[in-house]
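Just so we're aligned: the sequence shown equals residues 0 to 260 in numbering that gives the first Met the number 0. Presented below is the structure to which this report refers.
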Amino acid sequence: MNITDIHVVYFSATYTTRTIVREIAKAIGGNIIEHDVTNALPESEITLGGDNSMLIVGAPVYVGRIPEAAAEALKMVHGINTPAVAVCVYGNRDYDDALLEIKDTLNGNGFHTFAAGAFIGRHCIFPKVAEGRPDASDLEKAAAFGKRCAQLLADAAGTDALGNPEVKGNRPYREAHKVPMCPTGDKEKCTKCMTCVRLCPAGAISESDPCSTDTSKCIACGRCVVVCPHGSRAIYLPGYADAAAKFTAAFSARREPETFF
Ligand SMILES: Cc1cc2nc3c(=O)[nH]c(=O)nc-3n(C[C@H](O)[C@H](O)[C@H](O)COP(=O)(O)O)c2cc1C
Ligand code: SF4
Ligand code: SF4
0 MNITDIHVVY FSATYTTRTI VREIAKAIGG NIIEHDVTNA LPESEITLGG
50 DNSMLIVGAP VYVGRIPEAA AEALKMVHGI NTPAVAVCVY GNRDYDDALL
100 EIKDTLNGNG FHTFAAGAFI GRHCIFPKVA EGRPDASDLE KAAAFGKRCA
150 QLLADAAGTD ALGNPEVKGN RPYREAHKVP MCPTGDKEKC TKCMTCVRLC
200 PAGAISESDP CSTDTSKCIA CGRCVVVCPH GSRAIYLPGY ADAAAKFTAA
250 FSARREPETF F
């Protein structure tokens, strides 16, 4: 198959998923068309057909699933027996059913998922876990994964000649639930620059008071903490330090990317 157009659909609040899918797309090689669905659904349905297009989907793992907003966005992406690669990025605990959820959704939407990978990114709620990841070794593995995908595509006469990998995960998937770890701002540090207001995927921070958070909307994605230029936003909840220490002790043993063909 001669793939010229690589569409990359990703949700990535703290940018680790974006880093991984970009590395994979670059290694496959071609005309890369990005669809960032972190802050908004695609403007219209995306349909990828013809012999020359493929799709890479990347989403982070939230409590063993993909974020609800990512699942909503994926409903708008359709293939016509189009080759696809499923990618999840998780914070070194586990990815549970997230990769399977992506694969099932893609295959249900007319794609043929011929490769899948689970990669590791810094844990955005407990950032001492997987700190600095994806690192150089992760990026090498992402690039090697992309090259293998490119080879499989080049060797296949058509989509039906591609494999159909089993990926780890169970059905029914884990029940999705929210994590009550909402960041807020420190008024002493906040300059009201509005970066967090603009970039919050859930619209949970208001212009009138960027140091507070609408906890009914917040998805605990960690983006406001990462993008605040003044270190104002953080999780200041009582009990957070203890929870972070316990989580870090339990889940710091380094995990490595897993790929499926
Ligand atoms: C609400 C929430 C739930 C999470 N659940 C998990 C999980 O079940 N397993 C895990 O290993 N990491 C979990 N993480 C960590 C993220 O998967 C990880 O930080 C990922 O790299 C974030 O991707 P991003 O940088 O593209 O946003 C969770 C993060 C959030 C915000
Ligand atoms: S307020 Fe919540 S949803 Fe918005 S960026 Fe911060 S963590 Fe994410
Ligand atoms: S990004 Fe930081 S400094 Fe800017 S408005 Fe938000 S909390 Fe304040």
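Cβ atoms here follow ideal geometry from the backbone N, Cα and C, with glycine treated the same way. Just so it is clear, the structure is predicted and the values come from calculations on it, not from any experiment.
- With a threshold of 7 Å, the Cβ atom of Met193 counts as near ligand 3, since some heavy atom of the ligand is closer than that.
- Cβ contact annotation for Lys191 (same chain, cutoff 8 Å, sequence separation greater than five): Pro209, in chain order.
- In the three-state DSSP reduction, Ile5 falls in the strand class (E or B).
- Non-local C-beta neighbours of Arg121 in its own chain, meaning closer than 8 Å and more than five positions away in sequence, comprise Thr13, Thr15, Gly90, Val128, Ala129, Glu130, Gly131 and Arg132, ordered along the chain.
- If you check the C-beta of Ala142 against ligand 2, you find no heavy atom less than 7 Å away.
- Ranked by Cα distance from His176, the options Gly57, Asp4, Gly63 and His34 are led by Gly63.
- When distances are taken from the beta-carbon of Ile218 to the heavy atoms of ligand 2, the shortest one is below 7 Å.
- About 6 Å separates the CB atoms of Ser52 and Thr81; that is less than 8 Å, so the two are in contact.
- Unbroken beta strand (DSSP E) stretches of 3 residues or longer found wholly inside the stretch 57-102: 76-78 and 81-89, given in chain order.
- Judged by their CB atoms, His77 and Asn30 are not nearer to each other than the 8 Å cut-off.
- Taken through DSSP and simplified to helix, strand or coil, Thr112 comes out as strand.
- Residue side-chain check: Thr190 keeps its Cβ at 7 Å or more from all non-hydrogen atoms of ligand 2.
- When His111, Gly168 and Ala242 are compared, the shortest CA-CA separation from Asp50 is found for His111.
- Excluding residues up to 5 positions away in sequence, Gly48 and Gly109 lie with their Cβ nearer than 6 Å to the Cβ of Ile79 in the same chain.
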